[in-house]
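Numbering (the working numbering), first residue to last: 52 to 664.
In this text, a Cβ means the ideal position worked out from N, Cα and C, and glycines have one as well.
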Amino acid sequence: MILADLPLGPLERALVDSLQRLDPEADTLVLASAALLCAALEKGDVCLPLARLAGQRPWPEHGYTLPALSDWLTELNASPLVGAAGAFSPLTLVGQRLYLARYQAYEQQLAEQLLLRAADLPVVDEAQLSESLTRLFAFNATSQSGQPPDWQRLAAAQAVRRKLAVISGGPGTGKTTTVVRLLAALLEQPGGERLAIGLAAPTGKAAARMAEAIRNAKAALPVSDAVKAHLPEEARTLHRLLGSRGDSPQVRHHAANPLALDVLVVDEASMVDLALMAKLVDALPPTARLILLGDKDQLAAVEAGAVFAELCEGRGFDARAAADLQRITGQQVTVEDPRSALGDAVVLLTHSHRFAGDSGIGELARRINSGDVAGTLKLLREPRSDLAWQAQPTPQDLLERLDRGYAPFLDAAKLGDPAQAFAAFNAFRALCAQREGPWGVSGINEALEARIKRRSQVASRERWYVGRPVMVRQNDYALGLFNGDIGICLHSEHGLRVFFEAEQGFRPFAPARLPSHDSAFAMTVHKSQGSEFAEVLLALPEQPSPLLTRSLFYTGITRAKHKVEIWGLPARLGEAVSCKAERAAGLAERLQQPSPLEPVPTNVGGQQLGLFE
52 MILADLPLGP LERALVDSLQ RLDPEADTLV LASAALLCAA LEKGDVCLPL
102 ARLAGQRPWP EHGYTLPALS DWLTELNASP LVGAAGAFSP LTLVGQRLYL
152 ARYQAYEQQL AEQLLLRAAD LPVVDEAQLS ESLTRLFAFN ATSQSGQPPD
202 WQRLAAAQAV RRKLAVISGG PGTGKTTTVV RLLAALLEQP GGERLAIGLA
252 APTGKAAARM AEAIRNAKAA LPVSDAVKAH LPEEARTLHR LLGSRGDSPQ
302 VRHHAANPLA LDVLVVDEAS MVDLALMAKL VDALPPTARL ILLGDKDQLA
352 AVEAGAVFAE LCEGRGFDAR AAADLQRITG QQVTVEDPRS ALGDAVVLLT
402 HSHRFAGDSG IGELARRINS GDVAGTLKLL REPRSDLAWQ AQPTPQDLLE
452 RLDRGYAPFL DAAKLGDPAQ AFAAFNAFRA LCAQREGPWG VSGINEALEA
502 RIKRRSQVAS RERWYVGRPV MVRQNDYALG LFNGDIGICL HSEHGLRVFF
552 EAEQGFRPFA PARLPSHDSA FAMTVHKSQG SEFAEVLLAL PEQPSPLLTR
602 SLFYTGITRA KHKVEIWGLP ARLGEAVSCK AERAAGLAER LQQPSPLEPV
652 PTNVGGQQLG LFE
């Protein structure tokens with residue numbers, strides 16, 4: 052095989068060139084393995100699963116076939132570019148998984164620290180906890196004969212009794228309500244008034260929404276004014292919390308300079324990639340509690356890793372944990388041996404308060420998550436008030452439908468009132484699986500904008516016009532604008548201004564001041580995570596796509612509160628439901644062990660890994 056003939060991307064080629072400089076005699080198979088590993092990382096995998104690829108043709112158009120697993124492992128083990136954990140080689144081989152050394156270290160150190168945190172049980176006043184939970188969750192359904200347990204109450208109990216809590220639930224299952232009440236219960240513990248509590252989320256939009264939800268929820272809590280006063284009202288992005296330094300992987304807070312927190316709550320944790328989660332746990336004091344909120348069925352992070360989903364894999368309450376919970380909460384849970392050392396730290400909230408039992412959206416979400424292709428298509432063919440399906444879509448029909456869907460918003464934008472404009476914009480939203488093509492974000496936004504400009508007699512070259520929605524693409528801490536923030540262009544007394552939602556009212560900006568941004572009539576499902584809209588139109592591509600997965604389909608439809616409209620061929624829907632995206636990683640396996648599997652290097656590439664630089 053001639054390496055130069057392989058269809059490698061820029062990053063893959065750069066990695067191969069770097070390795071060749073380190074070892075000019077490097078075997079072609081080792082370099083090809085590194086290129087495949089780089090491509091896997093771009094797709095979200097943490098490592099290269101050798102057993103899954105052995106004997107296959109990774110570049111079909113080239114014709115090169117990978118060797119059998121045993122031969123492949125022999126070649127890798129013989130290379131000076133490949134070493135075991137702690138060997139400081141650029142590539143690390145762990146069992147049948149090949150890593151870039153940095154990602155192996157991220158994964159192993161994260162596993163080690165999570166295991167240590169889960170095993171360190173805090174001192175808890177159980178009588179006080181029981182009283183707090185009874186009062187705080189008095190209006191929740193209790194566990195009686197034939198009724199399910201109150202998972203919100205159980206999640207709160209475990210979060211107080213453990214230094215690590217993982218709470219997963221779909222839309223409307225009460226994750227924010229649960230966390231407000233569990234923080235109140237924690238503050239009512241002896242010494243609770245001295246706790247330093249932090250709130251964080253992966254994006255600025257998610258952080259602002261979390262803070263707002265907690266501010267709104269705490270007013271009605273049956274607790275003292277002192278406890279209410281100690282509940283936090285501000286949330287930060289994870290990057291800002293850690294003190295990220297521009298494009299550098301270095302952060303200001305790490306094990307040697309930890310965060311001054313006793314409790315950290317992270318919302319939308321399913322969006323946190325492996326590297327960021329490793330840095331976060333490393334920066335949290337060992338004595339602090341970590342509470343992760345998310346939805347294990349949603350799309351994983353854009354970067355490598357699906358940490359939250361892996362943490363949820365090993366859930367289960369053994370007999371002792373079940374007995375403890377029944378004694379404290381009065382709730383009976385099924386005994387199930389956990390598959391992970393973190394098992395009883397994981398609680399799933401299953402009852403949706405947003406989708407009623409007869410909700411079409413709720414039933415569709417369940418069928419998608421179970422991989423039921425026939426059931427999904429059958430449900431979409433039924434006459435449901437909250438479901439609609441266009442099974443033979445055309446780009447022109449889609450454009451006309453979006454024009455009608457956004458008409459109330461464009462009318463509201465002409466009035467110049469930001470509150471009315473945002474309310475109308477959040478009433479209907481187009482979501483796409485991909486960015487490019489006539490069924491993607493770029494194609495839809497371009498075509499719809501051209502149509503709107505013609506009707507409004509706006510010059511085609513003019514970027515700004517009344518009613519243009521934009522999405523910020525990068526954080527700008529000086530302006531207080533963050534990646535994912537939505538703004539709307541409206542008339543003001545100073546001319547055209549782009550308004551963004553704020554804690555109190557709206558903040559206007561001159562268009563020229565905005566950081567990098569895109570038009571946002573349509574947005575990707577990835578960018579919509581954590582958002583809610585009254586109605587959603589989900590457009591799927593016409594051709595097969597690796598982006599069409601069960602988690603993308605589920606995430607897209609559950610952004611809708613009242614109605615979801617799906618535009619996609621039956622074949623594409625079937626592919627999306629049947630394709631369960633599984634990222635190659637080893638975190639879940641490491642967490643099955645009571646102790647680390649291999650030594651963690653203190654540095655990689657000459658840099659201290661304790662600092663994750």
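*What are the boundary residues of the beta strand (DSSP E) that Trp618 is part of?*
Here the beta strand (DSSP E) through Trp618 covers 611 to 618.
*With distances taken between CB atoms, is the gap from Tyr150 to Cys98 smaller than 8 Å?*
A contact, by the Cβ cut-off of 8 Å.
_Using only CA atoms, which one of Lys214, Phe604, Arg186 lies nearest to Leu415?_
Of the residues Lys214, Phe604, Arg186, the one whose Cα lies closest to the Cα of Leu415 is Phe604.
*Can at least three beta-carbon pairs, one atom from the segment 308 to 321 and one from the segment 247 to 258, be found at a separation below 8 Å?*
With a cut-off of 8 Å, the segment 247 to 258 and the segment 308 to 321 count as touching, because enough Cβ pairs lie within range.
*asked:* Can you tell me which residues form a DSSP beta bridge with Glu586?
replied: Beta-bridge pairing links Glu586 to Phe479, Lys614.
*asked:* Would Asp313 and Ala339 qualify as a contact pair, given that the criterion is a beta-carbon distance under 8 Å?
replied: Judged by their CB atoms, Asp313 and Ala339 are nearer to each other than the 8 Å cut-off.
_Alpha-carbon to alpha-carbon, Gln471 and Met522_ = In a straight line, the C-alpha of Met522 is about 18 Å away from that of Gln471.
*Determine the direct distance from the alpha carbon of Ser421 to that of Asp437, and round the result to whole angstroms.*
Going from the Cα of Asp437 to the Cα of Ser421 covers about 20 Å.
*asked:* With a threshold of 6 Å on Cβ separation, who are the neighbours of Ala632 within its own chain once the five nearest residues in sequence on each side are excluded?
replied: In its chain, beyond the 5 residues on either side, Thr600, Ser602 have a beta carbon closer than 6 Å to the beta carbon of Ala632.
*Looking at the unbroken alpha helix (DSSP H) that takes in Met328, where does it start and where does it end?*
From DSSP, the alpha helix (DSSP H) with Met328 extends over 325 to 334.
*asked:* Would Leu246 and Leu237 qualify as a contact pair, given that the criterion is a beta-carbon distance under 8 Å?
replied: Yes. Within cutoff.
*Compute the Euclidean distance between the alpha carbons of Ser321 and Thr575, then round it to the nearest angstrom.*
Between Ser321 and Thr575, the C-alpha separation is close to 17 Å.
_Pro200 burial status per 10 Å Cβ neighbour count (16 or more: buried)_ = That one is buried.
*Can you have a look at Val628 and say buried or exposed, based on whether 16 or more other CB atoms are within 10 angstroms of its CB?*
Flag for Val628 reads buried.
*Along the chain, which unbroken stretches of the beta strand (DSSP E) at least 3 residues long are found entirely within the segment 481 to 550?*
Entirely contained in the segment 481 to 550, the beta strand (DSSP E) runs reaching 3 residues are, in chain order, 520 to 523, 537 to 543.
*Alpha carbon to alpha carbon, how far is Leu327 from Phe473? Give it in angstroms, no decimals.*
In a straight line, the C-alpha of Phe473 is about 32 Å away from that of Leu327.
*In this structure, what does DSSP give as the bridge partners for Glu552?*
Glu552 pairs with Phe557.
*Is Pro273 helix, strand or coil when you go by DSSP?*
Pro273: coil per DSSP, three-state reduction.
_Using the three-state DSSP reduction, which class does Pro100 fall into: helix, strand or coil?_
Of the three classes helix, strand and coil, the one that applies to Pro100 here is strand, per DSSP.
*Tell whether a beta-carbon distance below 8 Å holds between Ile379 and Ile608.*
It is not a contact, given that the beta carbons lie outside the stated cut-off.
*Boundaries of the alpha helix (DSSP H) in which Ala425 is found, first to last residue*: 424 to 432 is the extent of the alpha helix (DSSP H) around Ala425.
*Report, in whole angstroms, the separation of the C-beta atoms of Glu112 and Leu62, which I expect to be a contact under 8 Å.*
Taking the Cβ atoms as the reference, Glu112 lies roughly 19 Å from Leu62, outside the contact range of under 8 Å.
*Using the rule of at least 16 other Cβ atoms within 10 Å of the residue's Cβ for burial, across every protein chain shown, is Leu244 buried or exposed?*
The sequence shown places Glu at residue 244, not Leu. Per the 10 Å Cβ criterion, exposed.
*Is Leu132 near Ala77, with beta carbons less than 8 Å apart?*
A distance below 8 Å separates the beta carbons of Leu132 and Ala77.
*Extent of the continuous beta strand (DSSP E) to which Trp123 belongs*: For Trp123, there is no enclosing beta strand (DSSP E); the residue is found in the alpha helix (DSSP H) stretching over 120 to 128.
*Cα-Cα separation, Pro446 to Gly491*: If I take the Cα positions, the gap works out to 10 Å.
*For Asp68, count neighbouring Cβ atoms within 10 angstroms of its own Cβ and tell me buried if that reaches 16, exposed if not.*
Only exposed fits Asp68, as fewer than 16 other CB atoms lie within 10 angstroms of its CB.
*Among Leu87, Thr125, Glu126, which one has its Cα closest to the Cα of Gln107?*
Measuring from the Cα of Gln107, the nearest candidate turns out to be Leu87.
*For Glu513, which of Pro562, Ala481, Gln525, Gly535 has the nearest alpha-carbon?*
If we check each option's Cα against that of Glu513, Pro562 comes out closest.
*Pull up the distance between the alpha-carbon of Arg435 and that of Val358, whole angstroms please.*
Between Arg435 and Val358, the C-alpha separation is close to 36 Å.
*For Asp68, which of helix, strand or coil comes out of DSSP?*
DSSP, reduced to helix, strand and coil, places Asp68 within a helical segment of the structure shown.
*Note down, in chain order, each residue of its chain lying with its Cβ closer than 8 Å to the Cβ of His144, except the 5 sequence neighbours on either side.*
Here residue 144 is Leu; the residue named in the question, His, does not match the sequence. Cβ neighbours of Leu144 beyond the five flanking positions: Leu124, Leu127, Asn128, Val133, Gly134, Ala135, Tyr150.
*Thinking just about the alpha-carbon of each residue, which of Gly381, Ala373, His402, Ala352 is nearest to the one in Asp388?*
For the residues Gly381, Ala373, His402, Ala352, the minimum Cα distance to Asp388 belongs to Ala373.
*From Asp122, Ser121, Tyr157, Ala119, pick the residue whose C-alpha is nearest to that of Gly137; which is it?*
For the residues Asp122, Ser121, Tyr157, Ala119, the minimum Cα distance to Gly137 belongs to Tyr157.
*List the DSSP bridge partners of Tyr150.*
The bridge partners DSSP lists for Tyr150 are Thr143.
*Would you say Ala442 and Pro621 are within 8 Å of each other, going by their C-beta atoms?*
Result yes, Cβ atoms of Ala442 and Pro621 sit closer than 8 Å.
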